[in-house]
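Participant:
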Amino acid sequence: MTQLLLFNITNGLMIGAFYVLMALGLSLILNLSGVINFAHGGFLVIGGYIAYTLEPYLGFWGALVASPFLTAIIGLAVERVLISRVYGRDPLYSLLLTFGLAYILEAGTRMIWGAQGKPFTIPEFLSKPISNEFFFITGYRLFMVLIVAVVVTGLFSFLRLTRIGIRIRAGTLDLETVAGLGVNVRALRSLNFAVGIFIAGLSGVLAGGQLGLEPTMGAGLLMPSFIAIIVGGVGSLAGTLVGGLLIGVASGLTAVFYPSASEAVIYVLMAVVLLTRPRGLFGEEGMLT
Amino acid sequence: MGINSVSTKLDRRTVIKAAAAAGVAQFAAPFVISARAADTLKIGMINPFTGVYAAVSNNELIGAKFAVEQVNAKGGILGRQVELLTEDSANDVGTGVQKAQKLIDRDQVTFLMADVNSAIAQAVAQVSNEKKVLHIVPGGHTDPITGTDCHWNVFRVCNTTAMEANSVAPEVFKRYGKKWYFITPDYSFGHTLEAAAKKNLANLGGTVAGDAQTPLGTTDFSAYLIQAKAANPDVILVLPQGGDMVNCMKQIAQFGIGKQIHIAGLQQEEESLIGMPPEARTGTWMLEWYWKQPGVPHVEQFVADIRKRSGGHVPTARTWFGYTALWTFKLVTDKAKTLDAVKLAKALGGLELPPEIKLQPNKVYYAAGDHQLRTSSFVGHAVETPASADPEDLFVVETVVPGDKTSPPDTETGCKLTWPA
Amino acid sequence: MNEMNRKLSILAAIWVALVCAPFWMPYVGGYTALGTRVLVLGLGAMSVNFLLGFTGVLSFGHAAWFGLGAYGCGLLLKFVAPSTSLGLLAGTLLGGVMGGLLGALLVRRRGVYFAMVTIAFGQVFYYIAFQWSSLTGGDDGLRGFERQPLHLGFATVDILSDSTAFYYFVLVCFALVVAAMAFILRSPFGRTMLAIRENERRARFLGIQIEQHIWIAFTLSCFFMAFAGSLYALVNNFADPLGLHYSQSGNFVIMAVLGGMRRFWGPLLGAVVFVVLQDYVSSITINWQIFIGILFVLVVLFFPRGLLGFLQQRKRA
C-alpha cells in the first residue's frame, strides 16, 4: 500500500509539473495583459505538430529546441495583429477573440496536418522504465519534470533578475506608472505574450511525446491550467506553480482509492478554494477583481 | 497616444474584402464537400468530420464516394445519377439531428447514412424512422441499434460488440489463459464490449481478475495499469478505442507490462495502429476488415482504387463500411425496383453481398430479423515492424470468422421490428 | 411620435416574420426545424444578454444553466412523467435554482476573474454530467424520452411528428419569456441594472445594493437560460454534456455581441446569423470551424457594437 501511495504521489507530482508548465504560460499572459488566452491549447497543439514536422530533419532534440521558438514567433505575430487591439477594452472582447482564435487554430491544424493522429517518436533511452522497483516511472516522465524545473527556474530568474523581467512584474501591478516611466509597454506586452506562447509550444512538444498528436488535444489540457491558476491565486506565478502541483498531487492521490474520480477531484478542489479563500492560495485581493 | 491605443492601418473595408475573398476561395475545390444539383438521387451522409472521430469519418467518406463513382458508372440507381450530400455532425447530437432534418426536409434525400458516434446514430435513427427514410449505419457500434432499439428502416454494416467479443474471446482464452483483467472505457460502447467479453469468459469457464473503468479521454493509464498488474491476470483486455487506445498501449509498452502479461482486446482499428509508435503495436485483436487478403477476389483492385483516392493510403475497415453502405442502396433498389422505403427494407432482409462488394471470403448478408450485416471478423495480432513492404501493413490476420458464427441469432438480440401498417 | 411609430412597426415586422416563418423559410433554403433551433438558441443568447448587455456582467459559463435545463426536462420526461409542460418546469427550476445558489457565491467578483470562475464552474457541471453516467448517460447523453403531445383541453397538439406545430409551440414559449424579459427591463429594477452597467461606483453611492441586484439579475437570467435549455431538450429529444460546455457558452455570447449587446433584439439577430451561417457553411466545407473563428475575430475587432449597433451608427453618420 505504501508503495502504491508513494508511486501515485510521485506520479501526481509529475502530472502536476506538466500542468504547471501550461498554467505558467497562461498566467504570465493573464497577469500583464489581463487576457484569458483561450487559444493557449491551440498554441500547445501547434508546438507539438511543428516539432513533429521538424523531427525528421533536426531529430528529437533539435525539434524540442526549435519548435517553441517558432511557436513563439507565431504567437508574437498573433499578438501584434490581433490581441493588441483589445487591450484596455472590456475583458469580454479578449475572451471572444481568443475563443475565436482557438477555433481557427484547431481547424487550421486539422487542415494542415490532417485529422489522423500522429505518433511522435522520442529517443529510445527515454521511453524505457527507470528501474524495476519504481517500475512505472519512465525516463520520459522524469525528463519532463526536469524540463519543467529548468523552465520554472529560468522564468523566475528572468523575472527577478533581468530588467525586462522586473518591468513585467511591475507592469502586472501598475501598468500606467510603468508606462509613465518611459517603458515601451507595447513591446513589453508583446514580449511577455511571446514568452507565454514559447512555454505553450514547449508543453506541446512534451505532450506530443507523451500522448501522441491530435488536433483536438489542446482543449482538454486547458481546463486544468485554468484551475491551477484559480487555486493558486490569480496574479501570482508562485501561486500558479503551487496550484499546478497541488492539483496534480490531489489527482494522483485520488487515483489510489477511486481512479475514475481522479479528474473530478481537481474541480472539487477549485470549488473548495473558491468557497473558503476566493482569491486563491497566494492571490492578492484586488488583482483583476 | 496612450498605452492602449489601437493603430488601425487596416481599415474595416479592406479587411472585410480580404476575408470575403479568402472565404470565397473556401467554396472551391478541394475544400468543397459536395455541390447540389437537381434531378439526381440524393443520399445523405452524416458523420463527425470535425472532432476526435474525424479520421475514421473521413475514411468512411472516401469509401462512400468511391462507391458513388462506381454506381454512377453503372447507370446510377433506377436510372438516376447518385449525388452524395455530406453533413458534419461535429460529435454533437443536436447538430446531428438538425442535419438529419435538413437532409430529409430541405434536401429531400432518398437514403441516409449516419453516424460513427453511436449516440448520434441512435438519435438520427429516431428522425429517419419518423420520416420513413431508409437508413444504414455504416460505423456506429452500439448493440441496441440492431437490438433493443432497432427500427424497421435502420440497418447496420459494422459489427455489434457481441459479434466482436464472440470472435476473438475464444482465441484469447485458448492461447493465453482463463484469468482476465479488463480496462474498459466508461461509456455505453465500452460497457457493452466488456459485458460481451465477460459473457464469453464465463461460458468458457474463466474468471475475471478485476476491471477498471477509465473515463473517456484518459491520457494517463498508469494507475489502472498498476492495479492490473497487481491482480496478476493471464491477460489484460484493453477495450478503449481511438486516442485512448493509443495512449494505453504506449504506456503498456513503456512499462514493459507486455513482457509479463499477455495483451489482447476486442475491436482494433487500422487508424489507431497507424497512430501508435512501433513498440506499442502488440496484442491480439480483431479488425472488422483488413486490406491484405491474398487470394480473395477483387480485394487487390479495391485497395489499388482506394489508394488513388486517399493520397496513397490503404483502405481501412471504415473505408469498407462507407463503401458497402452506399453500394447496399444500389443492390436493394436493383432487387426491389422501387424507392418505397418499406418495400426496400423488406427486400434488404436476407440480401447477400456479391464478392466485389463484400471483399472477404465468407457469406455476408443482412439478417432479416435484426437488420445486422453478418460480416466477418478478422482475428489476428498487431506487429511492431510492418509485415510487408507496405508501412501500413501493421496487422497479421490469423483467422477470418464468419458473421454467422459470431452473431447471436436474431431472436436473441432483443430486436422486435414493428413495421408500419 | 415618429420614434414610437418606428419602434412599433419594427416590432410588428419582427413578429410577422417569426409567425410566418414556416411559410417563407423554404424559399430561402431554410427548413422549419432550423427556425425552431434559431428561436431556442436565440432565447439562450437573449438570456445571456440580459446579464451581459443590460447589467454589464460577464458570465462566460452560462451554458451550464442551459444544459441543466435540458437535463432537468429530459430526466423528468424519462423517469417521472410524460408531460411536456412538467418537463419544461422541471428544467427551468433545476437550472434556475442552481444558478441562483451559485450566483450567491460569485457576486463579489467582477470582470476577468468573474468570467474565469463562471467558466470553471460551468465545466464542473459539464464534468458531472459526463461522469455521472448512470443518471445522465455520460458521454452518450440522455436518451429515451421525447416531447409529448400537448393536451390543451379542447385539442391535442402533436408536437412530436409535426414540425410546424412544434415550431409554433416554441414560438409561444419564446414570446412569453421575451415578454417577461421586456417587462423586467422596463421596470425600476431594470433601470437599476442599467445604472449598474453604466457606472457601478456611482450606483453604489446612490445607495443601491449592488451585489443584491446583480444576484437577482444573475438568477433571473439563469431561469431564462434554463427554460431555453428545456426547450432544446424537446427539440432534440436528447440532452448531452456538450450543452453545458464552455464552447456553447462562447457561442451564446458571440450571438449576443454579433447582433448587438445593447439592443433587446440584438441577440436574436445574432442567433439568426450564427445558426444559419453555421448550418450553411458546415454543409459546404469541413473547415467550417475556421469561419466561425474568423467570425468571432471580425466581430470583436470591427463590429463590437454588433450588427444593430453598426446599423445605428450608419444612420447617425
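These protein sequences, in sequence, are chains G, A and E.
With this note's numbering applied, the first sequence covers 0 to 288.
With this note's numbering applied, the second sequence covers 582 to 1002.
With this note's numbering applied, the third sequence covers 316 to 632.
Cβ atoms here follow ideal geometry from the backbone N, Cα and C, with glycine treated the same way.
Keep in mind that this is a model prediction, so the values were computed, not measured.
1. Please state if the CB of Thr-729(A) and the CB of Gly-930(A) are separated by a distance shorter than 8 Å.
2. Out of Thr-667(A), Ser-699(A), Thr-897(A), Cys-739(A), which has the shortest C-alpha to C-alpha gap to Leu-684(A)?
3. Anything in the stretch 340–361 of chain E with a Cβ closer than 8 Å to a Cβ of chain A? List those residues in chain order, please.
4. Closer than 7 Å by C-beta to Thr-370(E): which residues in its own chain qualify, once you throw out the five before and the five after it? Chain order, please.
5. Could you work out which residues of chain G lie near Ile-529(E), taking near to mean beta carbons separated by less than 7 Å?
6. Distance, Cα to Cα, Gln-446(E) vs Glu-650(A)?
7. Buried or exposed for Gln-628(E), please, with buried defined as at least 16 other CB atoms from any protein chain shown within 10 angstroms of its CB.
8. For Arg-109(G), which three-state DSSP category applies?
9. How would you call Gln-563(E), buried or exposed, if buried means at least 16 neighbouring beta carbons within 10 angstroms?
10. Cβ of Pro-90(G) less than 8 Å from any chain E Cβ?
11. Gln-835(A) CB to nearest chain G CB: under 8 Å?
12. Looking only at its chain, what residues have a beta carbon closer than 6 Å to the beta carbon of Gly-950(A), apart from the 5 residues adjacent to it on each side?
13. Could you check what DSSP says for Met-826(A) in three-state terms: helix, strand or coil?
14. Counting only beta-carbon separations shorter than 8 Å, does Glu-105(G) have a partner in chain E?
15. Using a C-beta to C-beta distance shorter than 9 Å, which residues of chain E count as neighbours of Tyr-257(G)?
16. Measure from the C-beta of Pro-619(E) to each C-beta in chain G and report whether the shortest distance is under 8 Å.
17. In the structure shown, what three-state DSSP assignment does Leu-613(E) receive?
18. Closest by CA to Phe-124(G), which one among Trp-60(G), Gly-40(G), Pro-90(G), Ala-169(G)?
19. Assuming Gly-771(A) and Leu-820(A) form a contact by the criterion Cβ under 8 Å, report the distance between their Cβ atoms to the nearest whole angstrom.
20. So Ala-193(G) and Leu-75(G) are supposed to be a Cβ contact under 8 Å. How far apart are they, rounded?
21. Please list, in chain order, all residues of the same chain as Val-674(A) whose beta carbon is under 6 Å from its beta carbon, the five residues on each side excluded.
22. Report the neighbours of Gln-446(E) on chain G: residues whose CB is nearer than 9 Å to its CB, in chain order.
23. For Met-540(E) and Lys-840(A), what's the separation of their Cα atoms in angstroms?
24. Which one of Leu-190(G), Met-143(G), Ala-249(G), Ala-65(G) has the shortest CA to CA distance from Phe-157(G)?
25. How would you label Asp-915(A), buried or exposed, when you count the other beta carbons within 10 angstroms and need 16 or more for buried?
26. Can you tell me whether Ala-609(A) is buried or exposed, with buried defined as 16 or more other CB within 10 angstroms of its CB?
27. Using the C-alpha atoms, what's the distance from Val-596(E) back to Ala-616(A)?
28. State the start and end residues of the unbroken alpha helix (DSSP H) segment that holds Asn-10(G).
29. Taking just the CA atoms, how far does Thr-70(G) sit from Phe-155(G)?
30. With 8 Å as the threshold, decide whether the Cβ of Asn-364(E) is near any Cβ in chain G.
31. Can you have a look at Ser-183(G) and say buried or exposed, based on whether 16 or more other CB atoms are within 10 angstroms of its CB?
32. Give the DSSP-derived three-state secondary structure of Leu-669(A) in the structure shown.
33. Check each candidate in Val-241(G), Glu-78(G), Gly-279(G) and name the one with the smallest Cα separation from Arg-188(G).
34. If I'm right that Thr-215(G) touches Gly-632(A) with Cβ under 8 Å, what's the distance once you round it to whole angstroms?
35. When you compare the CB positions of Val-637(A) and Arg-899(A), do they come within less than 8 Å of one another, or not?
36. Given a cut-off of 8 Å, decide if Val-960(A) and Ser-748(A) are closer than it, judged by their beta-carbon atoms.
Facilitator: On the basis of the data shown:
1. The residue labelled residue 930(A) in the question sits at position 349 within the second sequence. The residue labelled residue 729(A) in the question sits at position 148 within the second sequence. Contact flag unset, no.
2. By one-based count along the second sequence, residue 684(A) stands at place 103. Measuring from the Cα of Leu-684(A), the nearest candidate turns out to be Thr-667(A).
3. Interface annotation for the stretch 340–361 of chain E against chain A: Pro-341, Gly-344, Gly-345, Tyr-346, Thr-347, Ala-348, Leu-349, Arg-352, criterion Cβ-Cβ distance under 8 Å.
4. Within the third sequence, residue 370(E) is the residue found at index 55, counting from 1. The answer, listed in chain order, is Met-508, Ile-511, Arg-512, Ile-529, Ala-532.
5. Residue 529(E) sits at position 214 when you count from the first residue of the third sequence. Those do not exist, as Ile-529(E) stays about 13 Å from chain G at its closest Cβ, beyond 7 Å.
6. In the third sequence, the residue the question calls residue 446(E) occupies position 131. In the second sequence, the residue the question calls residue 650(A) occupies position 69. Near 44 Å, if we compare the C-alpha coordinates of Glu-650(A) and Gln-446(E).
7. Your numbering for residue 628(E) matches position 313 in the third sequence. Answer is exposed; the Cβ neighbour count stays below 16.
8. Walking along the first sequence from the start, residue 109(G) turns up at place 110. In this structure, Arg-109(G) counts as helix in the three-state DSSP scheme.
9. If you number the third sequence from 1, residue 563(E) lands on position 248. It is buried - the Cβ of Gln-563(E) has at least 16 other Cβ atoms within 10 Å.
10. Taking the first residue of the first sequence as 1, we reach residue 90(G) at position 91. Closer than 8 Å: yes.
11. As a working mapping, residue 835(A) is identified with position 254 in the second sequence. So, interface residue.
12. Residue mapping note: residue 950(A) aligns to position 369 of the second sequence, counting from 1. Within the same chain, Gly-950(A) has close Cβ partners Asp-991.
13. The sequence position of residue 826(A) within the second sequence is 245, counting from 1. Assigned with DSSP and collapsed to three states, Met-826(A) falls in helix.
14. Taking the first sequence and counting its residues from 1, one reaches residue 105(G) at position 106. It does; some Cβ of chain E falls within 8 Å.
15. Translated into positions along the first sequence, residue 257(G) becomes position 258. Chain E residues near Tyr-257(G): none, gap ~11 Å exceeds 9 Å.
16. Position 304 of the third sequence holds residue 619(E). Yes, Pro-619(E) lies at the interface with chain G (some Cβ there is under 8 Å from its Cβ).
17. Here the question's residue 613(E) lines up with position 298 in the third sequence. Helix.
18. Taking the first sequence and counting its residues from 1, the one referred to as residue 124(G) is at position 125. Out of Trp-60(G), Gly-40(G), Pro-90(G), Ala-169(G), Trp-60(G) has the C-alpha closest to the C-alpha of Phe-124(G).
19. Residue 771(A) sits at position 190 when you count from the first residue of the second sequence. Residue 820(A) sits at position 239 when you count from the first residue of the second sequence. So it is a contact: roughly 6 Å between Cβ atoms.
20. Against the first sequence, residue 193(G) aligns to sequence position 194. Against the first sequence, residue 75(G) aligns to sequence position 76. That belief holds up - the Cβ atoms of Ala-193(G) and Leu-75(G) are roughly 4 Å apart, short of 8 Å.
21. Start at 1 with the first residue of the second sequence, and residue 674(A) comes out as number 93. So the qualifying residues of the chain are Ala-700, Ile-701, Ala-704.
22. Mapped onto the third sequence, residue 446(E) falls at position 131. Neighbours of Gln-446(E) on chain G, chain order: Ser-259, Ala-260, Glu-262, Ala-263.
23. Here residue 540(E) refers to the residue found at position 225 when the third sequence is read from its first residue. Here residue 840(A) refers to the residue found at position 259 when the second sequence is read from its first residue. Those two C-alpha atoms are separated by around 55 Å.
24. To locate residue 157(G), count along the first sequence from 1; it is residue 158. Selected option, being the one with the closest Cα: Leu-190(G).
25. In the second sequence, counting from the first residue as 1, residue 915(A) sits at position 334. The residue in question, Asp-915(A), is exposed, as its Cβ has fewer than 16 Cβ neighbours within 10 Å.
26. In the second sequence, residue 609(A) corresponds to position 28, counting from 1. Here Ala-609(A) scores only 46 on pLDDT, less than 50, and its place in the model is too uncertain to base an answer on.
27. Walking along the second sequence from the start, residue 616(A) turns up at place 35. Walking along the third sequence from the start, residue 596(E) turns up at place 281. Bear in mind that the predicted position of Ala-616(A) carries a pLDDT of just 45, short of 50, making it unreliable; the figure below should be weighed with that in mind. Using only the alpha carbons, I get a separation of about 12 Å.
28. Reading the first sequence from its first residue, position 11 is the one you call residue 10(G). Counting along the chain, the alpha helix (DSSP H) containing Asn-10(G) begins and ends at 1–32.
29. Within the first sequence, numbered from 1, the residue matching residue 155(G) stands at position 156. Within the first sequence, numbered from 1, the residue matching residue 70(G) stands at position 71. Straight-line measurement puts the Cα of Thr-70(G) at about 21 Å from the Cα of Phe-155(G).
30. On the third sequence, residue 364(E) is found 49 positions in, with the first residue counted as 1. So, not an interface residue.
31. The residue you call residue 183(G) lines up with position 184 of the first sequence. The sequence shown places Asn at residue 183(G), rather than the Ser named in the question. Exposed: under 16 other Cβ atoms inside 10 Å.
32. Reading the second sequence from its first residue, position 88 is the one you call residue 669(A). A small correction: the amino acid at residue 669(A) is Asp; Leu does not occupy that position in the sequence shown. Note: Asp-669(A) maps to strand in three-state DSSP.
33. Here residue 188(G) refers to the residue found at position 189 of the first sequence. The shortest C-alpha separation from Arg-188(G) is found at Glu-78(G).
34. Numbered from 1 along the first sequence, position 216 holds the residue referred to as residue 215(G). Numbered from 1 along the second sequence, position 51 holds the residue referred to as residue 632(A). The beta-carbon distance between Thr-215(G) and Gly-632(A), rounded to whole angstroms, is 6 Å. This is short enough to meet the 8 Å contact definition.
35. Your numbering for residue 637(A) matches position 56 in the second sequence. Your numbering for residue 899(A) matches position 318 in the second sequence. It is a contact, given that the beta carbons lie within the stated cut-off.
36. Residue numbering aside, residue 748(A) sits at position 167 when the second sequence is read from its first letter. Residue numbering aside, residue 960(A) sits at position 379 when the second sequence is read from its first letter. A contact, by the Cβ cut-off of 8 Å.
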